[in-house]
Structure formats: structure tokens, C-alpha cells
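Chains H and L are the protein sequences, given in the same order.
If you count by the numbering used here, then the first sequence holds residues 1 to 423, one letter each, in order.
If you count by the numbering used here, then the second sequence holds residues 1001 to 1113, one letter each, in order.
Using N, Cα and C, we set each Cβ at its ideal position, and we do this for glycine too.
I have placed the structure first, in the form of C-alpha cells, so that the comments after it can refer back to it.
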Amino acid sequence: MVAQPAKKQRFNALALFRNALSYHQNWEQQWRSPEPLEAYDVVIIGGGGHGLATAYYLAKEHGITNIAVLEKGWIGGGNTGRNTTIVRSNYLWDESAAMYEHAMKLWEGLTQELNYNVMFSQRGVLNLAHNLTDVRDTQRRVNANRLNGIDSIYLDAAGVKKVVPGIDLRGGGRYPVMGASYQPRGGTARHDAVAWGYARKCDEMGVHIIQNCKVTGFDIEGGVVKGVQTTKGRIGAKKVGMVPAGHSSVLASMAGFRLPVESHPLQALVSEPIKPTIDTVVMSNAVHAYISQSDKGELVIGAGVDQYISYGQRGSQHLAEETLVAICELFPQYKRMKMLRQWGGIVDVCPDASPILTSTPVDGMYLNCGWGTGGFKATPGSGHAFAAHIAKGEPTELTAPFALSRFETGFLIDEHGAAAVAH
Amino acid sequence: MLLIRCPYCEQERPEVEFSFAHQAHKPRPEAAGEPLDDHNWARWVYYQKNIKGVAHERWNHAAGCRKFFNAARDTVSSEIVATYKSGETPPVPESRIEGEDLSFDYENAEGGA
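Structural data, given as C-alpha cells:
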């Protein structure tokens, strides 16, 4: 027995009108919550954006639909719903530029492809430079981006002011703005809609989405994975794709291997909603601050990571304070605003701030983790590339550089400069 | 912000005075009696236990006495169970890594001691 597909209604203006007549009481279920079958061809662990995207592209591009996505909480409840929604691809090295630009190209057609409005808004992203070293590093990154066909532009201070009129170029004397990299195709997307859109399409193609199902162990015989133990019983699997954010070392240790990641809390906060004041995304690597405005009008502000390892999903107050100090220096008009909500998520950071997409010491088990502070922007690309890796059972051109072996060969992909959050 | 007791200063001080210095009690490969090859070197440099539960960590009192010391800290609640001087025996054991019982011995997957 395999999972059954279920055709969905299309979302369009006519459907909206028709459902308005019945007071929006008759919209169909977005995805079902089936009980797990005895076994699947592929079991994906982690129902965040990356995991659901992996399942979606496995079904769509590789014809594998007998898939279960296991989520320990609920869809959109983990880091997918906790990030600051920024999408860009201006990474320094060829390997990461290829991965993130691959994602960017998928983002550009995602709403149409999923028939789900992910509110992808290409409002542009600036990464500020505050001193001469920043300026040189930024120019180098912009030039590297352009060689890789990414729309990166270097702006001097006057150019920054033109794009972001609200900014104080003196940065209150503490954070002077000397220039910035600017990616016009970058922007934001509605984060949980991405998970919901993928979940809905997965369900349509017959993928089982199993929520509240925590993995407690693996059945491994002779170095080959046979299934996973979960809080809903044993589930057999020919292949297992692990896409955990925040708990990758815990999962890996269940399977008997170790990872070079450290789990840190990363936090974000939003203000009270105000009228439109900033129509782009401004990030400052050096001062751990990034800001954009949501469609609701809230300023969405991201802070840095706590220095210590933590699995508690909350950040420290003093980090949020540091970030807000920097935001107030750069945007003095926000000084009297109130912050409404603050939250944290656990990010698994690799020593080189690049992710791990790899086969593992266990046959049939694949791992996609370690996206650190910037996984959201890669969601479609990561899922697309990882699906190809799982389907073929071997690294693809995109995933090969991100193998675990890079920590032994020394072929690290050092993206601390482009990660935009100091680790 | 954490309040951390420096075992050298014998004072509880705010976290901003300290820097986190990763996993404690991690001997170099040759000290652990292993050959110093790429594999073991990568394990020593890059691999962390990354424990969920009570972990032994190194901290540096960077804006104080500047000495390194060790702490046993719960990585879920952030409670600091104990701090102790470098070279001392940990007063509390580390949590076992979740699911370790189920693991098999793949090329001695353990990290440092």
C-alpha cells in the first residue's frame, strides 16, 4: 500500500469569489494528517521548509511519491516560522553562490509553481560596510558575485542614502556607513507560507505529512538503514533523509556518528506595526543587526547568536539590546518604537558557516543540516539539490562541495563574511 | 544574561565578561594515543560533542582575570551546575548524548575524552 494523491482546488480569483459566497467556511483542508504506514521508499526527518521542499522535489522531479515527512512538532512551528524571512544569494565562494543562486531562481517562480502565494518580494537587500576593511571585503564579494552572474552592486555612501533615505549615514558616530553591497533581486518571502505551500503540494502528490512524530532512534543493520523508531512506532524506510535544524547532532548521535556543528540560539524581534517606512532589507554584518518591514507594518529585526551552545529556544536579552542600539543609531526615527514580540530558534552552525549536504557513514542515510543563521533563503535550492542527491544516492554537482569530508580534506567554504551574522 | 562564578576570582560575574571556549576535556589526538592523521585532526579541531543536557565547557574570564576554567552547564535550561579550575576533575558527570545506546561503533565515532 502506498500513499494516495489528492487533487487540490486551485487558488485563484474565482475560487476566492466562490468561497466568499459561503463566508469562507468551505475551503478544503491544505494537507491531511495520515497515520504512518509500515514502510516508505523515503522517510524525511524534519517538516520544515527544507524537508518539505526535499519531499516535493523528490516527488516532482524524481517520481518518488511513497514518502513520509516526519515532523516532531507542527508544520511551520520550527525555524521556518522563526526566521527574519530574508532571501538573497550574494555569497562569496563559487560553491555557495551556485547553491544560493539556484535557490534564488526557484524562488522567482515559486508562487506560481506551488499555486500558493509565498509573498516573495524582491525589494532588494543591502549589506552595510562600516569601515575600510568592510569596504574592501564587500567590494571583493560584489566582484565575486558578478563573476558568478549574481546581480550584486557596490554602493558608496551616497548610493546607500538614495536606496534607503531613512538611514543616518553617520550611524550616530558609532556605526558610520561607508558603503554597501546591494542585491536588487534579493528580498523577503512569507516564511510559513513557504512551508504551507510545499506541504500542500506534497500532500497533493501523495506524500504523507506526519506531525507530532518525534524520531527516537534508527534501525541500522550491517551499516544499512532499515527504518526509524518514532513516537508513533517503527517506520520502515529504504532511504532516510535527515533535514533537522537545531537537533542535527542529536539525530546523528542516534545513528552513531558525530557532526562538526554547534547549536546556538539565534533571535529575532518585531515592533509594533507602523506605516511603510523602509522598502528594502538592510543588514549590517558588523553590528549583528538586520531590518525590514513586513506587509503588516511591523519592523522585523534580527539579532546575533548567543556565544554558548544551547538547545533552549530563546536568546539573551543583552543581545537583543545590542541589536536595537545599532538599529537606533542607524535609523534614529525608530528610537521611540515599542517591540512587540521576541523569539529564538536553534541554529546549527558549522565551523565554516556553510551547510552540510552529504551522504553519511550509514548506507541509505543522507543528511542536510548546518545551515547556521541563513537557511531560509536556501529553502527551494536546498530541497531541490538534496532531492537529487537522495534520488541518485550520490553527490550531485551542487551538493558535492558540501560533503562532511571537507573538514578532513580542508576544502572549507568559509562564508563567515557573507553569512551576515557574526558567529 | 548568565551569571557565571569564576573559580579563580571566586566571584559571580555577568556573562559579558566571559567568552565561551567550547568543549572541555578534549585531548589532542596524540595525547589520546591516536595517530595524528587528517581524520583525527579534523575530529579534534572541528567536531564537537554538542551535548543536549549537562555539558563540560571551557570558558575564559576574558574581561576579568583572563584565565581559562571549566563549567558544567545544562544546555537546555542554561543552568550552570558548577564551575571548576582547569585540570580539576569535573564535579558532575556529563549527560549522555541522547540515543547513544542505540548507536553502533562506526570507526570509533566518539570525539575527544
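So, does the CB of residue 317 of chain H fall closer than 8 angstroms to a CB anywhere in chain L?
Position 317 of the first sequence, counting from 1, holds the residue named residue 317 of chain H. Chain L, which has a Cβ nearer than 8 angstroms to the Cβ of residue 317 of chain H, makes this yes.
Can you tell me where the alpha helix (DSSP H) holding residue 368 of chain H begins and where it ends?
Counted from its first residue, the first sequence places residue 368 of chain H at position 368. Run containing residue 368 of chain H: none in the alpha helix (DSSP H); it sits in the beta strand (DSSP E), 365-369.
Out of H:117, H:132, H:138 and H:118, which has the shortest C-alpha to C-alpha gap to residue 126 of chain H?
Mapped onto the first sequence, residue 126 of chain H falls at position 126. Minimum Cα distance to residue 126 of chain H is reached at H:138.
Name the chain L residues whose beta carbon is nearer than 7 angstroms to that of residue 307 of chain H?
Mapped onto the first sequence, residue 307 of chain H falls at position 307. Going along chain L in sequence order, the residues near residue 307 of chain H (Cβ under 7 angstroms) are 1019 and 1020.
Which runs of the beta strand (DSSP E), 3 residues or longer, sit entirely within the region 192-225 of chain H?
Counting only runs that start and end inside the region 192-225 of chain H, the beta strand (DSSP E) elements of at least 3 residues fall at 208-210 and 215-221.
Name the two residues that bound the continuous beta strand (DSSP E) containing residue 265 of chain H.
As a first step, residue 265 of chain H must be located in the first sequence, where it is residue number 265. From DSSP, the beta strand (DSSP E) with residue 265 of chain H extends over 262-271.
Determine whether the beta carbon atoms of residue 428 of chain H and residue 292 of chain H lie at a separation below 8 angstroms.
With chain H represented from 1 up to 423, any question about residue 428 of chain H goes unanswered, as that position is not in the structure.
Looking only at DSSP bridge pairs, what is residue 70 of chain H linked to?
Taking the first sequence and counting its residues from 1, one reaches residue 70 of chain H at position 70. Its beta-bridge partners are H:45 and H:210.
When the Cα atoms are used, what is the spatial distance from residue 415 of chain H to residue 1024 of chain L?
For this step, residue 415 of chain H is matched to residue 415 along the first sequence. For this step, residue 1024 of chain L is matched to residue 24 along the second sequence. C-alpha separation (whole angstroms): 26 angstroms.
Out of H:206, H:327, H:10 and H:339, which one is the CA nearest neighbour of residue 37 of chain H?
As a first step, residue 37 of chain H is located in the first sequence; it is residue number 37 there, counting from the start. Cα-wise, what sits closest to residue 37 of chain H is H:206.
Does the Cβ of residue 183 of chain H have 16 or more other Cβ atoms within 10 Å, making it buried, or fewer, making it exposed?
What you label residue 183 of chain H is simply residue 183 of the first sequence in a count that begins at 1. Its Cβ being crowded by 16 or more others within 10 Å, residue 183 of chain H is buried.
Could you tell me the distance, in whole angstroms, from the CA atom of residue 286 of chain H to the CA atom of residue 323 of chain H?
Position 286 of the first sequence, counting from 1, holds the residue named residue 286 of chain H. Position 323 of the first sequence, counting from 1, holds the residue named residue 323 of chain H. Cα atoms of residue 286 of chain H and residue 323 of chain H: separation of roughly 11 angstroms, rounded to the nearest angstrom.
Please report whether the beta-carbon of residue 1113 of chain L lies at a distance below 8 angstroms from any beta-carbon of chain H.
For the purposes of this step, residue 1113 of chain L is identified with residue 113 of the second sequence, where counting begins at 1. Only weak support is given to the placement of residue 1113 of chain L: the predicted model assigns it a pLDDT of 28, under 50, and the value that follows is read from those uncertain coordinates. It does not; no Cβ of chain H falls within 8 angstroms.
Could you give the first and the last residue of the continuous beta strand (DSSP E) run that contains residue 284 of chain H?
In the first sequence, counting from the first residue as 1, residue 284 of chain H sits at position 284. Looking at the DSSP string, the run of the beta strand (DSSP E) that includes residue 284 of chain H is 281-284.
Determine, using beta-carbon pairs with one atom in the region 238-245 of chain H and one in the region 37-51 of chain H, whether at least three such pairs fall under 8 angstroms.
yes
Can you pull out the residues from the region 257-279 of chain H whose beta carbon lies closer than 8 angstroms to at least one beta carbon of chain L?
257, 258, 259, 260, 261, 262 and 263
Specify whether the region 1028-1035 of chain L and the region 1081-1088 of chain L touch according to this definition: at least 3 beta carbon pairs, one from each stretch, less than 8 angstroms apart.
no
Work out the CA separation of residue 258 of chain H and residue 13 of chain H for me, nearest whole Å.
Here residue 13 of chain H corresponds to residue number 13 of the first sequence, with the count starting at 1. Here residue 258 of chain H corresponds to residue number 258 of the first sequence, with the count starting at 1. Answer to the nearest angstrom: the Cα atoms are 50 angstroms apart.
Check for me: the beta strand (DSSP E) holding residue 1003 of chain L runs from which residue to which?
Residue mapping note: residue 1003 of chain L aligns to position 3 of the second sequence, counting from 1. Residue 1003 of chain L -> beta strand (DSSP E) spans 1003-1006.
On the CB-based measure, 16 or more other CB atoms within 10 Å of its CB, does residue 411 of chain H come out buried or exposed?
Here the question's residue 411 of chain H lines up with position 411 in the first sequence. By the neighbour-count rule (16 or more Cβ atoms within 10 Å), residue 411 of chain H is not buried but exposed.
Between residue 194 of chain H and residue 118 of chain H, is the Cβ-Cβ spacing less than 8 angstroms?
Mapped onto the first sequence, residue 194 of chain H falls at position 194. Mapped onto the first sequence, residue 118 of chain H falls at position 118. Yes, these two residues count as a Cβ contact at 8 angstroms.
Name the DSSP beta bridge partners of residue 183 of chain H, please?
The residue you call residue 183 of chain H lines up with position 183 of the first sequence. Partner residues in the beta bridge of residue 183 of chain H, as assigned by DSSP, are H:125.
Within the continuous alpha helix (DSSP H) that includes residue 249 of chain H, where are the two ends?
By one-based count along the first sequence, residue 249 of chain H stands at place 249. Its alpha helix (DSSP H) spans residues 248-255.
If you measure from the beta carbon of residue 153 of chain H to each beta carbon in chain L, is any gap under 8 angstroms?
Position 153 of the first sequence, counted from the first residue, corresponds to residue 153 of chain H. Residue 153 of chain H does not count as touching chain L.
What is the residue span of the beta strand (DSSP E) that residue 304 of chain H lies within?
As a first step, residue 304 of chain H is located in the first sequence; it is residue number 304 there, counting from the start. Here the beta strand (DSSP E) through residue 304 of chain H covers 299-305.
Using a Cβ-Cβ cut-off of 8 angstroms, state whether residue 1084 of chain L counts as contacting chain H.
Walking along the second sequence from the start, residue 1084 of chain L turns up at place 84. It does not: the Cβ of residue 1084 of chain L has no partner Cβ on chain H nearer than 8 angstroms.
Below 7 angstroms CB to CB, which residues in the same chain sit around residue 94 of chain H once its five sequence neighbours on both sides are set aside?
Taking the first residue of the first sequence as 1, we reach residue 94 of chain H at position 94. Result list for residue 94 of chain H: 148, in chain order.
Under a CB-based cut-off of 8 angstroms, is residue 1089 of chain L close to chain H?
Position 89 of the second sequence holds residue 1089 of chain L. No, its Cβ sits nowhere closer than 8 angstroms to a Cβ of chain H.
Please list the partners that residue 1076 of chain L has in chain H, where partner means a Cβ-to-Cβ separation under 7 angstroms.
For the purposes of this step, residue 1076 of chain L is taken as the residue at position 76 of the second sequence. 311 and 312, listed in chain order.
Let me know if residue 33 of chain H comes out buried or exposed under the rule of 16 or more other beta-carbons within 10 Å of its beta-carbon.
Taking the first sequence and counting its residues from 1, the one referred to as residue 33 of chain H is at position 33. Result: exposed.
If you run the structure through DSSP and keep just helix, strand and coil, what is residue 1092 of chain L?
Along the second sequence, read from residue 1 onward, the residue named residue 1092 of chain L stands at position 92. In the structure shown, residue 1092 of chain L sits in coil (DSSP, three-state: anything other than H, G, I, E or B).
Residues in the region 1061-1075 of chain L with C-beta within 7 angstroms of chain H's C-beta atoms, listed in sequence order?
1075
For residue 35 of chain H, return the contacting residues in chain L, with the cut-off set at a CB-CB distance below 9 angstroms.
By 1-based counting over the first sequence, the position of residue 35 of chain H is 35. Correct list: empty, because the minimum Cβ distance to chain L is about 24 angstroms.
Throw me the rounded Cβ distance for the residue 352 of chain H and residue 223 of chain H pair, which I believe falls under 8 angstroms.
Counting from one through the first sequence, the residue named residue 352 of chain H turns up at place 352. Counting from one through the first sequence, the residue named residue 223 of chain H turns up at place 223. A Cβ-Cβ separation of about 28 angstroms leaves residue 352 of chain H out of contact with residue 223 of chain H under the 8 angstroms criterion.
What residues in the region 1025-1049 of chain L have a beta carbon less than 7 angstroms from any beta carbon of chain H?
1038, 1039, 1042, 1046, 1047 and 1048
Taking only the alpha-carbon atoms, compute the straight-line gap between residue 15 of chain H and residue 116 of chain H and give it to the nearest angstrom.
Indexing the first sequence from 1 puts residue 15 of chain H at position 15. Indexing the first sequence from 1 puts residue 116 of chain H at position 116. So the two alpha carbons sit approximately 13 angstroms from each other.
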